[in-house]
Amino acid sequence: MKTYFRLLSFAKPIGKFAIPYIFTTLLAIIFGTLNFTLLIPLLKTLFSTEAAKAVSKPDFVFSGKYFVSIFDYYFNEAIITYGKYGALKIVTLIIVCSAFLSNLFRYLSQRFMEELRIHTMQNLRTTVFNNVMNMNIGFFNNERKGDIISKVASDVQVVQFTVTSTLQVIFRDPLQITAFFIVLFSISTKLTLFSILVVPVSGLIISTLVKKLKKKARSAQQSYANMISFLDESLSGIKIINAFNAIPFMKEKFRKENATFSKYSYSMIRRQQLASPISEFLGIATVGGILLYGGHMIFLGEGTLTPEAFITYLAIFSQVTRPAKSISEAFTNINQGLAAGERVLELVDAKPQIVDKPTATTANLFNNKIELKNVEFAYSEKLILNNVSFEINKGETVALVGPSGSGKTTICDLLPRFYDIKGGNILFDGTDIRDLKLDSIRGQIGLVPQESILFNDSIFNNIAFGIPDATMEEVIEAAKIANAHNFIMETENGYETNIGDRGAKLSGGQRQRLCIARAVLGNPPIMLLDEATSALDTESEKLVQDALNRLMQNRTSLVIAHRLSTIQNADKIIVLEKGKVIEQGSHQELLLKEGLYHKLINMQSFGAEA
43 MKTYFRLLSF
53 AKPIGKFAIP
63 YIFTTLLAII
73 FGTLNFTLLI
83 PLLKTLFSTE
93 AAKAVSKPDF
103 VFSGKYFVSI
113 FDYYFNEAII
123 TYGKYGALKI
133 VTLIIVCSAF
143 LSNLFRYLSQ
153 RFMEELRIHT
163 MQNLRTTVFN
173 NVMNMNIGFF
183 NNERKGDIIS
193 KVASDVQVVQ
203 FTVTSTLQVI
213 FRDPLQITAF
223 FIVLFSISTK
233 LTLFSILVVP
243 VSGLIISTLV
253 KKLKKKARSA
263 QQSYANMISF
273 LDESLSGIKI
283 INAFNAIPFM
293 KEKFRKENAT
303 FSKYSYSMIR
313 RQQLASPISE
323 FLGIATVGGI
333 LLYGGHMIFL
343 GEGTLTPEAF
353 ITYLAIFSQV
363 TRPAKSISEA
373 FTNINQGLAA
383 GERVLELVDA
393 KPQIVDKPTA
403 TTANLFNNKI
413 ELKNVEFAYS
423 EKLILNNVSF
433 EINKGETVAL
443 VGPSGSGKTT
453 ICDLLPRFYD
463 IKGGNILFDG
473 TDIRDLKLDS
483 IRGQIGLVPQ
493 ESILFNDSIF
503 NNIAFGIPDA
513 TMEEVIEAAK
523 IANAHNFIME
533 TENGYETNIG
543 DRGAKLSGGQ
553 RQRLCIARAV
563 LGNPPIMLLD
573 EATSALDTES
583 EKLVQDALNR
593 LMQNRTSLVI
603 AHRLSTIQNA
613 DKIIVLEKGK
623 VIEQGSHQEL
633 LLKEGLYHKL
643 INMQSFGAEA
């Protein structure tokens with residue numbers, strides 16, 4: 043129940059939908075039940091051969107029998123006044139009007155219910171997405187992207203029916219059954235007590251069928267998430283799959299996962315589909331028993347049950363199975379929804395490890411320097427940075443060099459607080475970044491990553507990403523600084539050209555120059571360049587390097603360099619090895635030391651000559 047009430051909280055304000063739903067449902071049930079109660083006088087008129095006689099008006103008593111008696115009285119008066127055919131026309135008109143109103147209010151109640159369902163789904167999906175976006179980068183290193191997509195898309199879709207199904211189980215269907223049984227009891231108490239025996243039997247059988255459904259539903263949803271993850275990985279790595287002739291292997295792996303999902307789905311469907319026919323069969327079997335018992339009361343009994351009342355009784359009881367069947371199906375949906383809801387709430391409950399302190403202040407515009415003091419960082423138990431200290435003064439270009447795994451990219455990730463340090467301090471103009479608001483720090487930092495991260499959108503929207511009020515003139519100016527304007531104008535629709543998934547329609551150099559243009563447009567005082575030219579050919583590297591040089595003008599820059607020739611003019615070069623700073627200085631100073639930097643330069647020079 044805890045899971046259900048948490049899911050119900052996403053329906054707020056529930057009263058906006060639930061109150062009109064309850065009101066319209068009540069009216070739909072009242073007019074729907076009225077249709078059947080009118081059958082008795084209708085049948086009595088059709089089959090009776092006796093002339094109508096004047097009767098006295100019944101005294102008011104708040105009971106079902108009074109309302110039946112008062113209707114019989116006015117119906118009898120109509121027969122006397124207008125004749126049987128005239129009275130028949132009146133009753134027929136009332137039945138038609140009652141049926142119209144019943145269906146009108148039923149439509150309105152369903153519409154309110156659908157609005158509630160969609161409103162709940164919208165709130166839940168927005169909450170889940172917002173929470174996922176708030177998570178720190180480390181969260182995504184431990185989660186499969188396909189599993190997150192499955193929870194946001196598929197599981198939320200299943201959850202939406204939990205709230206609506208529950209309201210039906212709690213309110214609409216029980217109330218409809220209650221209304222029918224009130225009328226049934228007013229017709230014949232004996233017959234109704236006999237027929238009601240089927241309800242607990244039916245409920246017991248159906249509950250046995252669906253009690254394991256929640257567990258199987260959760261297994262099916264997890265299998266579906268695995269399949270989506272595998273599909274995402276396969277589409278992302280299609281080039282490698284083809285290059286290594288791994289298509290048969292991937293097909294077989296997908297087939298196995300698909301078969302697992304299908305197995306769980308078959309098991310769920312079997313249980314779902316059994317509930318409906320079993321409840322229907324039990325209803326028909328009961329009707330058969332009622333026929334025999336009712337016939338006994340008419341033909342061999344004391345004559346308390348008239349034929350027209352018995353036919354009406356059968357007509358009403360046949361309708362009882364519909365809400366009973368609906369309840370059994372609703373229980374099935376609820377169990378599935380709760381299983382999916384638990385998975386969705388896992389994302390809602392996930393807490394970002396990096397959040398602003400309650401006392402955090404807004405960082406002022408960068409004016410002095412960034413200091414790393416005895417910084418330590420580890421992924422789980424693996425130490426990545428060990429007692430790292432250096433400064434980045436305003437206006438300086440500082441380069442990080444060192445072998446793979448020395449901690450260069452980690453330092454780039456720590457400055458905008460993608461991760462939090464385990465020890466030491468990172469000071470932004472003398473204030474620890476953990477005491478400053480995240481947005482105020484990240485708003486002053488531009489990032490050009492090694493991998494060009496672009497979106498399936500137009501060139502304009504990719505450059506203006508995160509700056510909704512950017513003008514075309516500003517975007518063009520940024521593109522010119524990034525050496526991107528010329529190739530953009532050669533595309534089919536210029537700045538409105540769609541670049542495809544992850545910029546697939548562009549070359550590596552073109553993608554990287556768009557990323558630089560995006561950073562230029564933001565005009566941040568601090569730039570982080572993470573091996574921005576390492577994956578490019580010589581011609582593209584020259585164009586991109588020229589764009590980077592323009593980007594770094596009058597800015598404070600931290601550069602990770604794969605090709606050391608690109609950072610020889612840096613104001614300061616920090617040499618890292620195994621998470622420690624072992625050398626720092628200018629290019630010439632480090633060459634004179636003949637340490638690791640000198641060795642790396644010689645290795646690259648030898649590789650270039652070779």
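Each number in my numbering comes from the position in the sequence shown (counting from 1) with 42 added on.
A virtual CB, placed ideally from N, CA and C, is assigned to each residue, including glycine.
Between the C-alpha atoms of residue i and residue j, what's the straight-line distance to the nearest angstrom?
i, j, result
"I463", "L456", "7 Å"
"S494", "D197", "31 Å"
"E631", "M594", "22 Å"
"Q587", "Q552", "12 Å"
"S657", "E294", "An answer regarding residue 657 cannot be provided, because it is not within the stretch 43 to 652 covered by the chain."
"L41", "G621", "Outside the displayed range of the chain (43 to 652) lies residue 41, so it cannot be described from this structure."
"T204", "Q378", "8 Å"
"L217", "F373", "16 Å"
"A351", "L85", "8 Å"
"Y335", "Y115", "30 Å"
"A420", "L427", "7 Å"
"I340", "I332", "12 Å"
"A70", "G383", "31 Å"
"V623", "I615", "10 Å"
"L226", "K126", "26 Å"
"N504", "T66", "49 Å"
"T208", "I376", "7 Å"
"V133", "T79", "11 Å"
"K436", "L166", "45 Å"
"K479", "I453", "19 Å"
"L469", "A559", "28 Å"
"N565", "K187", "32 Å"
"A650", "I280", "Any reading at A650 is ruled out, since the residue's pLDDT is 45, under 50, leaving its predicted position unreliable."
Apply the 10 Å Cβ neighbour rule to residue i and answer buried if 16 or more other Cβ atoms are within range, or exposed otherwise.
i, result
"G508", "exposed"
"T231", "exposed"
"F359", "buried"
"S98", "exposed"
"T220", "exposed"
"K330", "For the record, residue 330 in the displayed sequence is Gly; it is not Lys. Exposed, because fewer than 16 other Cβ atoms sit within 10 Å of the Cβ of G330."
"I326", "exposed"
"K131", "exposed"
"R312", "exposed"
"S151", "buried"
"A195", "exposed"
"K44", "exposed"
"L324", "buried"
"L380", "buried"
"Y308", "exposed"
"K450", "buried"
Leaving out five residues on either side along the sequence, give the residues of the same chain with a beta carbon under 8 Å from the beta carbon of residue i.
i, result
"L633", "Y639, H640 and I643"
"F296", "M269, F272, L273 and S276"
"E3", "The requested residue 3 does not occur in the structure, where the chain is confined to residues 43 to 652."
"K635", "E625 and G627"
"K399", "R476 and D477"
"I283", "S276, I289 and M292"
By Cβ distance, which residues of its chain are closer than 6 Å to residue i, with the 5 residues on each side in sequence left out?
i, result
"I523", "V562 and R592"
"F303", "S265, Y266 and M269"
"L653", "Residue 653 lies beyond the stretch modelled for the chain, which goes from 43 to 652, so this question has no answer here."
"I369", "V211 and D215"
"L414", "V430, S431, F432 and I468"
"V417", "L427, V430, I463 and G466"
Enumerate in chain order the residues of its own chain whose CB-to-CB distance from residue i is below 7 Å, with the five nearest sequence positions on each side excluded.
i, result
"R48", "L387"
"N525", "R555, L585, D588 and A589"
"A53", "L158, H161, T162 and V205"
"F142", "none"
"Q202", "R159, T162 and M163"
**OP:** Kindly provide the ranges of any alpha helix (DSSP H) runs that are 4 or more residues long and lie completely inside the segment 440 to 464, ordered along the chain.
**Re:** 450 to 456
Original post:
Would you call the segment 478 to 489 and the segment 521 to 531 touching, i.e. three or more CB-CB distances under 8 Å?
Top reply: no
**OP:** Spell out a yes or no on whether the segment 469 to 489 and the segment 566 to 573 are touching, meaning 3 or more CB-CB pairs, one atom from each, closer than 8 Å.
**Re:** yes
Original post:
Between the segment 157 to 176 and the segment 402 to 411, do at least 3 Cβ pairs fall closer than 8 Å?
Top reply: no
Original post:
For the 8 Å Cβ check, are there 3 or more pairs between the segment 609 to 627 and the segment 436 to 447?
Top reply: yes
Original post:
When the Cβ atoms of the segment 175 to 191 are set against those of the segment 113 to 129, are three or more pairs found closer than 8 Å?
Top reply: no
Subject >> Length at least 3, wholly inside the segment 484 to 565: the beta strand (DSSP E) runs in chain order >> reply: 487 to 490
Subject >> Inter-stretch contact (C-beta, 8 Å, three-pair minimum) for the segment 535 to 542 and the segment 499 to 514 >> reply: yes
Original post:
Which full runs of the alpha helix (DSSP H) of 4+ residues lie inside the segment 345 to 413, going along the chain?
Top reply: 349 to 391
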